[in-house]
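Only one structure is covered here, and it is reproduced in the block below.
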Amino acid sequence: MISTQNTVCKRWLAVTSIAGCFITGSAWADIMVRVEESFNGQLPTTALHWFGSERSARDDGNLYVVTRLDEGKTYTIDRMTQSYQVSPLPTPTSSTTGNDVRAIKHQETRKIGQWNTEKYEIIGSATAGMNIVIWASKDVKIDLPTFQKVMTGLSRRPGSEWMAAYREIDGFPVLQEVRLQHKGTNYLGQTRVVTVEERDPPPHIYSPPDNFQKMP
């Protein structure tokens with residue numbers, strides 16, 4: 173059972189790098205998004221997502237994962253051990269260019285926090301059997317083309333190929349729900365946006381500190 177849970181949790185962590193971002197002005201800037209992530213009804217945990225041009229980071233305090241589309245690399249950085257690992261991003265394929273994944277808009281609407289949202293369902297083989305629903309909002313102005321470019325670029329990461337469907341989502345994601353049935357057990361993961369703000373990124377949020385040790 174432990175190994176099964178670990179497998180599912182790894183798949184869930186691969187899809188929790190969504191979050192969403194919006195901008196109150198018209199220019200693209202680095203965005204910090206605070207989200208609450210929950211798994212199977214457990215108490216939610218908080219994570220920060222940073223978005224910049226051609227780069228993103230997910231930070232849970234001890235560990236942060238950086239995706240550098242401009243470098244074609246992913247950094248997994250551990251503050252506790254002051255070490256990091258580097259993985260190359262795969263070369264784009266049909267799955268990462270969106271040929272086998274779609275975002276289907278439904279007629280359902282929902283008020284989530286202060287935002288009016290519309291329901292999208294991600295379908296296609298890139299979902300790997302997961303049922304992925306995104307509630308997206310157009311309540312605020314957003315540099316949608318730049319946002320879509322970053323989010324679809326993240327589909328190059330193994331396990332995140334479904335994110336190519338973001339090119340078809342008109343708005344930013346306020347809530348993401350992922351359901352998965354594995355060996356007769358149902359799993360539900362949720363990522364809910366809490367706050368968003370424009371902010372200068374802290375040092376090394378998109379790269380490991382110079383004194384951290386590179387691990388194989």
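If you read the sequence shown in the working numbering, its first letter stands for residue 173, the second for the next number, and so on. The beta carbon of each residue, even a glycine, is placed where N, CA and C say it ideally should be.
> Exposed or buried, which one is R364 when buried takes at least 16 other CB atoms within 10 Å?
Replying inline: Counted from its first residue, the sequence shown places residue 364 at position 192. When all chains shown are included, R364 counts as buried.
> For L352, does the count of other Cβ atoms within 10 angstroms reach 16, so buried, or fall short, so exposed?
Replying inline: The sequence position of residue 352 within the sequence shown is 180, counting from 1. Buried, by the Cβ-count rule.
> Which residues in the same chain have their Cβ closer than 6 angstroms to the Cβ of E226, if we skip the five residues on either side of it in sequence?
Replying inline: Taking the first residue of the sequence shown as position 1, residue 226 is located at position 54. The residues are L241 and D242.
> Secondary structure at T318, three-state DSSP: helix, strand or coil?
Replying inline: By one-based count along the sequence shown, residue 318 stands at place 146. In the structure shown, T318 sits in a helix (DSSP, three-state: H, G or I).
> For T299, is the classification buried or exposed, using 16 other Cβ atoms within 10 angstroms of its Cβ as the cut-off for buried?
Replying inline: Indexing the sequence shown from 1 puts residue 299 at position 127. Burial call: buried.
> Identify the residues that DSSP records as bridge partners of G390: which are they?
Replying inline: The first residue shown for the chain is 173 and the last is 388, placing residue 390 beyond what the model contains.
>> Is it buried or exposed, C193, if we count other Cβ atoms within 10 angstroms and call 16 or more buried?
In response: Translated into positions along the sequence shown, residue 193 becomes position 21. Reliability fails at C193, whose pLDDT of 36 lies under 50, so the model's placement of it is uncertain and the value that follows must be treated cautiously. Result: buried.
>> Whole angstroms are fine: how far does the CA of R206 sit from the CA of E217?
In response: Residue numbering aside, residue 217 sits at position 45 when the sequence shown is read from its first letter. Residue numbering aside, residue 206 sits at position 34 when the sequence shown is read from its first letter. The sequence shown places Thr at residue 217, not Glu. For T217 and R206, the distance between alpha carbons rounds to 10 angstroms.
> Can at least three beta-carbon pairs, one atom from the segment 246-262 and one from the segment 334-347, be found at a separation below 8 angstroms?
Replying inline: Cβ pair count under 8 angstroms is below three, so no.
> On the premise that A229 lies in contact with Y378, defined as a C-beta separation below 8 angstroms, what is that separation, rounded to the nearest angstrom?
Replying inline: Within the sequence shown, the letter at position 206 stands for residue 378. Within the sequence shown, the letter at position 57 stands for residue 229. Contact holds; Cβ gap of about 6 angstroms.
>> In whole angstroms, give me the CA-to-CA distance for S297 and R274.
In response: On the sequence shown, residue 297 is found 125 positions in, with the first residue counted as 1. On the sequence shown, residue 274 is found 102 positions in, with the first residue counted as 1. S297 and R274: Cα-Cα distance of roughly 10 angstroms.
> By DSSP, does E333 sit in helix, in strand, or in coil?
Replying inline: Translated into the one-based positions of the sequence shown, residue 333 becomes position 161. E333 sits in a helix when the DSSP states are folded into three classes.
>> Measuring alpha carbon to alpha carbon, tell me which residue in G361, K291, G325 and Y359 is nearest F344.
In response: As a working mapping, residue 344 is identified with position 172 in the sequence shown. Comparing Cα positions, the closest option is K291.
> Going by C-alpha distance, which of L360, K355 and E340 is nearest I276?
Replying inline: If you number the sequence shown from 1, residue 276 lands on position 104. Scanning L360, K355 and E340 for the CA closest to the CA of I276 turns up E340.
> In whole angstroms, what is the alpha-carbon distance linking P373 and G356?
Replying inline: Looking up residue 373 in the sequence shown gives position 201. Looking up residue 356 in the sequence shown gives position 184. One alpha carbon belongs to P373, the other to G356, and they sit about 43 angstroms apart.
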